[in-house]
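Chemist: Every letter in the sequence shown is one number past the one before it in the working numbering, and letter 212, counting from 1, is 212. Cβ coordinates follow ideal geometry from the N, Cα and C atoms, glycine included. Here the structure is a predicted model, which is why all the values come from computation and not from measurement.
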Amino acid sequence: MEGGPMAEKRPGDTKADGSAGGVLARARAKVPLSREPRTLREEQQRATRQKLIAATFSAFSEKGFHDTTIADIVKAAGTSRATFYLHFASKSEALAAAWAEMEQPSMIAHWRRLDGFGPWTAADILGWVSDMVGAWEATRAFSIASNQAVSTDAEMSRRWFGGIADFLGHVPNVILRLGRDTRDPDLRFLLLCAQMERSTFMFLTGNFPGNREQFVATLAEFWRDALVDDEH
1 MEGGPMAEKR PGDTKADGSA GGVLARARAK VPLSREPRTL REEQQRATRQ KLIAATFSAF
61 SEKGFHDTTI ADIVKAAGTS RATFYLHFAS KSEALAAAWA EMEQPSMIAH WRRLDGFGPW
121 TAADILGWVS DMVGAWEATR AFSIASNQAV STDAEMSRRW FGGIADFLGH VPNVILRLGR
181 DTRDPDLRFL LLCAQMERST FMFLTGNFPG NREQFVATLA EFWRDALVDD EH
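The structure is reproduced here in structure tokens:
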């Protein structure tokens with residue numbers, strides 16, 4: 001992130017007004033992100049951004065968070081550093097965008113599935129956790145790179161919690177159930193997610209002292225204890 005330990009120096013960032021950095025910042029602010037392109041220029045900007053997103057995913061998957069550079073990303077995208085900075089302030093921001101656009105939609109589907117189970121059973125939870133782990137396994141290298149970023153970059157950690165908070169709106173039944181046992185169901189959900197993601201990172205990197213079946217069963221116990229009523 002800009003100013004953070006993992007940020008890369010941007011060309012011409014010494015002045016905010018009239019310098020290359022100031023121009024890039026103003027240009028980046030004009031790139032449309034939340035609506036469909038309205039002009040040919042906006043279509044081109046959107047297409048370039050998608051190339052950068054795909055290149056970011058590929059570069060981090062290949063080299064990990066720490067070893068990936070902006071030069072790697074722009075080379076894979078076939079563009080320039082100046083173009084990169086029209087869209088992203090840093091490699092961390094590009095990584096966050098790649099996760100949001102390429103991974104978050106499928107995660108939302110998994111969370112909605114969990115929310116629809118209620119009342120939950122141990123079998124429901126076990127199957128859901130296995131599928132969640134499977135989703136991370138499908139993009140193992142990128143998942144590991146993302147977790148490296150969250151672990152070492154304060155801004156990425158903040159963005160991660162913001163992304164998890166976005167899931168709250170998709171699990172109203174889960175939050176309602178958690179609220180029966182705690183005064184802070186949102187926080188409990190966030191910490192259950194943090195526990196699951198960090199544990200899965202250890203599993204994906206081969207550091208869990210057991211096999212997949214043992215990992216899934218043990219991880220599912222935390223969610224089972226949080227959601228399954230005694231009678232189930």
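Looking only at C-alpha atoms, which of Ile-144, Asp-229, Leu-191, Ala-217 sits nearest to Gly-206?
Modeler: Closest by alpha carbon: Ile-144.
Chemist: In the DSSP assignment, the alpha helix (DSSP H) including Asp-131 goes from what residue to what residue?
Modeler: Here the alpha helix (DSSP H) through Asp-131 covers 122–138.
Chemist: What are the complete alpha helix (DSSP H) segments, minimum 4 residues, inside the stretch 51–83?
Modeler: As far as the stretch 51–83 is concerned, its whole alpha helix (DSSP H) runs of at least 4 residues are 70–77.
Chemist: Check whether the Cβ atoms of Phe-189 and Ser-61 lie closer than 8 Å to each other.
Modeler: Cβ atoms of Phe-189 and Ser-61: not closer than 8 Å.
Chemist: Out of Arg-41, Ala-94, Ala-122, which one is the CA nearest neighbour of Ser-58?
Modeler: Selected option, being the one with the closest Cα: Ala-94.
Chemist: Which class does Thr-183 belong to by DSSP, given the choice of helix, strand or coil?
Modeler: In the sequence under discussion, the amino acid at residue 183 is Arg, which differs from the Thr named in the question. Arg-183 falls in the coil class under three-state DSSP.
Chemist: Please look up how many angstroms separate the CB atoms of Gly-163 and Gln-104, rounded, as I've assumed it's under 8 Å.
Modeler: With a Cβ gap of about 7 Å, Gly-163 and Gln-104 count as contacting.
Chemist: Apart from the five residues on each side of it in sequence, which residues of its chain come closer than 8 Å, Cβ to Cβ, to Gln-148?
Modeler: Here the set comprises Gly-64, Phe-65, His-66.
Chemist: So, using beta-carbon positions, are Val-228 and Ala-77 closer together than 8 Å?
Modeler: The answer is no: Cβ separation not under 8 Å.
Chemist: Thr-39: buried (16+ other C-beta within 10 angstroms of its C-beta) or exposed?
Modeler: The residue is exposed, with fewer than 16 neighbouring Cβ atoms inside 10 Å.
Chemist: Taking the straight line between their C-alpha atoms, what separation do you get for Trp-120 and Arg-224?
Modeler: For Trp-120 and Arg-224, the distance between alpha carbons rounds to 8 Å.
Chemist: Do Trp-136 and Leu-114 count as a contact pair if the criterion is CB distance below 8 Å?
Modeler: For Leu-114 and Trp-136, no; Cβs fall outside 8 Å.
Chemist: Should the stretch 71–86 be called in touch with the stretch 151–163, which here means at least 3 C-beta pairs below 8 Å?
Modeler: Taking 8 Å as the limit for Cβ pairs, the verdict is that the stretch 151–163 does not touch the stretch 71–86.
Chemist: In the DSSP assignment, the alpha helix (DSSP H) including Ser-92 goes from what residue to what residue?
Modeler: Per DSSP, Ser-92 belongs to the alpha helix (DSSP H) from 91–102.
Chemist: Kindly indicate which residue of Phe-117, Val-216, Asp-186, Ile-70 has the alpha-carbon position closest to the one of Met-196.
Modeler: For the residues Phe-117, Val-216, Asp-186, Ile-70, the minimum Cα distance to Met-196 belongs to Val-216.
Chemist: What residue does the alpha helix (DSSP H) around Phe-161 start on, and which one ends it?
Modeler: Taken as a continuous stretch (DSSP letters only), the alpha helix (DSSP H) holding Phe-161 covers 154–166.
Chemist: Could you give the DSSP three-state label for Arg-198: helix, strand or coil?
Modeler: Note: Arg-198 maps to helix in three-state DSSP.
Chemist: Would you tell me roughly how many angstroms separate the C-alpha atoms of His-191 and Leu-219, rounded to the nearest one?
Modeler: The displayed chain sequence assigns Leu, not His, to residue 191. The alpha-carbon atoms of Leu-191 and Leu-219 are separated by roughly 13 Å.
Chemist: Where does Val-150 sit, in a helix, a strand or coil, going by DSSP?
Modeler: Helix, per DSSP.
Chemist: Under DSSP, the alpha helix (DSSP H) around Thr-218 begins and ends at which residues?
Modeler: Run containing Thr-218: 212–227, per the alpha helix (DSSP H) assignment.
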